[in-house]
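Sequential numbering of the sequence shown, starting at 19, is according to the numbering used here.
Where a beta carbon is used, it is the ideal one built from N, C-alpha and C, also for glycine.
Remember, it's a predicted structure, so these values are computed and weren't measured experimentally.
Here's the structure we're looking at; comments come further down.
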Amino acid sequence: MARRLNGRVLAAHYETSLRTSVAQRLATAGCPPGLAVVRVGDDGASGVYVGRKAQACGRVGIRSWIIHHPATASQQEVLESICRLNADPACDGILVQLPIPAPLDARQLLLAVDPAKDVDGLHPLNLGRLVRGEPGLRSCTPAGIMALLAHGGVVLEGIRALVIGRSILVGQPMGIMLQQANATVTVAHSRTRNLADHCRQAELLVAAAGQPGLVGGHWVRPGAVVVDVGIHRAPPPQQGTRATLQGDVRFAEVEPLASHITPVPGGVGPMTVAMLLWNTVQAWQQRCGGGTAPLAPLPR
Ligand code: GUN
């Protein structure tokens with residue numbers, strides 16, 4: 019039976035450590051860290067994620083606010099919001115919540131964020147720093163997965179890793195971080211042939227395909243480490259019961275086979291939020307010089 023990599027517990031450790039760091043540095047910095055989330059439209063899941071991020075900020079002493087534009091907003095209006103936040107001394111971190119509704123151009127919006135405030139690690143400068151192995155703000159979900167793996171004692175050196183999904187939010191930076199940890203990485207995607215065969219060879223499988231229940235037990239090599247990035251609302255099992263959350267992995271089938279597995283919910287999701295807080299405090303410290311003691315290091 020797999021060992022569960024519990025993101026809730028590890029994220030709570032990060033929050034405790036960040037709360038202490040913020041409290042210790044507040045007097046020197048003169049103002050608390052500030053995180054602004056730019057949201058466009060009314061995607062329901064985005065609303066839930068943005069709310070969770072704001073609550074988590076409150077727990078560690080980060081001031082947060084949401085700039086919510088209607089889906090009908092123009093590119094220029096959203097760009098102007100981002101420019102105002104770039105210039106706002108109370109704002110250390112800016113997150114443009116994805117997805118951005120068509121016809122707006124999400125790439126241009128991400129490019130407009132000041133790289134020093136890019137706590138999502140999605141600006142080309144920060145992605146370039148990641149590729150080059152240089153210090154910089156790192157994408158939150160893959161950084162959170164690296165922290166979970168390190169904390170779970172998973173050795174990445176030389177292992178065969180498969181990442182399913184090639185988004186800039188998860189798949190691409192995940193592949194690079196795993197390579198930098200000396201794993202041998204394959205990035206699979208919707209056009210990959212024989213995906214099941216690739217999966218069966220993987221010693222580490224990161225499922226970020228956005229397809230509920232894609233990975234079943236017959237795709238998983240016994241003893242593999244399985245990380246599930248998917249989060250989907252499944253219909254209630256019976257009338258009158260609540261909808262449940264489901265990942266890209268069929269948990270009940272895979273848990274008996276894997277050596278380690280992340281549950282959904284309570285695995286990757288809380289770690290994404292913890293890394294966002296970590297990046298925001300890091301950006302605040304860089305900008306305000308809130309003391310010299312480094313934050314606990316993140317696995318690269
Ligand atoms: N949408 C879903 N997850 C994320 C995330 O981690 N960052 C951003 N910007 N948008 C998201």
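TODO: Taking 8 Å as the threshold, find out whether the stretch 100-110 comes into contact with the stretch 131-139 through three or more Cβ pairs.
DONE: Taking one beta carbon from each stretch, the stretch 100-110 and the stretch 131-139 have 3 or more pairs nearer than 8 Å; the two touch.
Open item on the list: I'd like to confirm something about L166: is its beta-carbon nearer than 6 Å to some heavy atom of the ligand GUN, or not?
Closed with: Taking the sequence shown and counting its residues from 1, the one referred to as residue 166 is at position 148. Every heavy atom of the ligand GUN is 6 Å or more from the Cβ of L166, so no.
Open item on the list: Beta-carbon within less than 8 Å of E95's beta-carbon, same chain only, minus the 5 sequence neighbours each way: which residues are those?
Closed with: Here residue 95 refers to the residue found at position 77 when the sequence shown is read from its first residue. Contacts found: H87.
Task: L275 vs P240 beta-carbon contact at 7 Å - done: Walking along the sequence shown from the start, residue 275 turns up at place 257. Walking along the sequence shown from the start, residue 240 turns up at place 222. Between L275 and P240, the C-beta spacing is below 7 Å.
Open item on the list: Just to confirm the assignment, what range does the beta strand (DSSP E) spanning S99 have?
Closed with: As a first step, residue 99 must be located in the sequence shown, where it is residue number 81. Careful: S99 lies outside any beta strand (DSSP E), inside the alpha helix (DSSP H) at Q93 to A105.
Task: Limits of the beta strand (DSSP E) - the one that L294 falls within - done: Here residue 294 refers to the residue found at position 276 of the sequence shown. Where L294 is concerned, there is no enclosing beta strand (DSSP E), although the alpha helix (DSSP H) around it starts and stops at V286 to C306.
Open item on the list: With a threshold of 7 Å on Cβ separation, who are the neighbours of N5 within its own chain once the five nearest residues in sequence on each side are excluded?
Closed with: With the chain represented from 19 up to 318, any question about residue 5 goes unanswered, as that position is not in the structure.
- [ ] Consult DSSP for H31 and reduce its assignment to one of helix, strand or coil.
- [x] Counting from one through the sequence shown, the residue named residue 31 turns up at place 13. Taken through DSSP and simplified to helix, strand or coil, H31 comes out as helix.
TODO: Name, in chain order, the residues that DSSP records as bridge partners for W83.
DONE: Position 65 of the sequence shown, counting from 1, holds the residue named residue 83. Bridge partners of W83: A54.
TODO: Decide if the stretch 247-258 is in contact with the stretch 208-222; the criterion is three or more beta carbon pairs, one per stretch, under 8 Å apart.
DONE: Result no; under three Cβ-Cβ pairs closer than 8 Å.
Task: Counted within 10 angstroms of its Cβ, other Cβ atoms place M19 as buried (16 or more) or exposed - done: Mapped onto the sequence shown, residue 19 falls at position 1. With fewer than 16 other Cβ atoms from the protein chains shown falling within 10 Å of its own Cβ, M19 counts as exposed.
Open item on the list: With the cut-off set at 7 Å, would you say L223 and A206 are in Cβ contact?
Closed with: Looking up residue 223 in the sequence shown gives position 205. Looking up residue 206 in the sequence shown gives position 188. It is not a contact, given that the beta carbons lie outside the stated cut-off.
- [ ] Please classify R125: is it buried, with 16 or more other beta-carbons within 10 angstroms of its beta-carbon, or exposed?
- [x] Residue mapping note: residue 125 aligns to position 107 of the sequence shown, counting from 1. Sixteen is the threshold: since fewer than 16 other Cβ atoms of the shown chains lie within 10 Å of the Cβ of R125, the residue is exposed.
Open item on the list: Using only the alpha-carbon positions, how far apart do T262 and L174 sit?
Closed with: By one-based count along the sequence shown, residue 262 stands at place 244. By one-based count along the sequence shown, residue 174 stands at place 156. Separation of T262 and L174 (C-alpha to C-alpha, rounded to the nearest whole angstrom) is 32 Å.
TODO: Enumerate in chain order the residues of its own chain whose CB-to-CB distance from L97 is below 6 Å, with the five nearest sequence positions on each side excluded.
DONE: As a first step, residue 97 is located in the sequence shown; it is residue number 79 there, counting from the start. Excluding residues within five positions, the ones whose Cβ falls inside 6 Å are A130.
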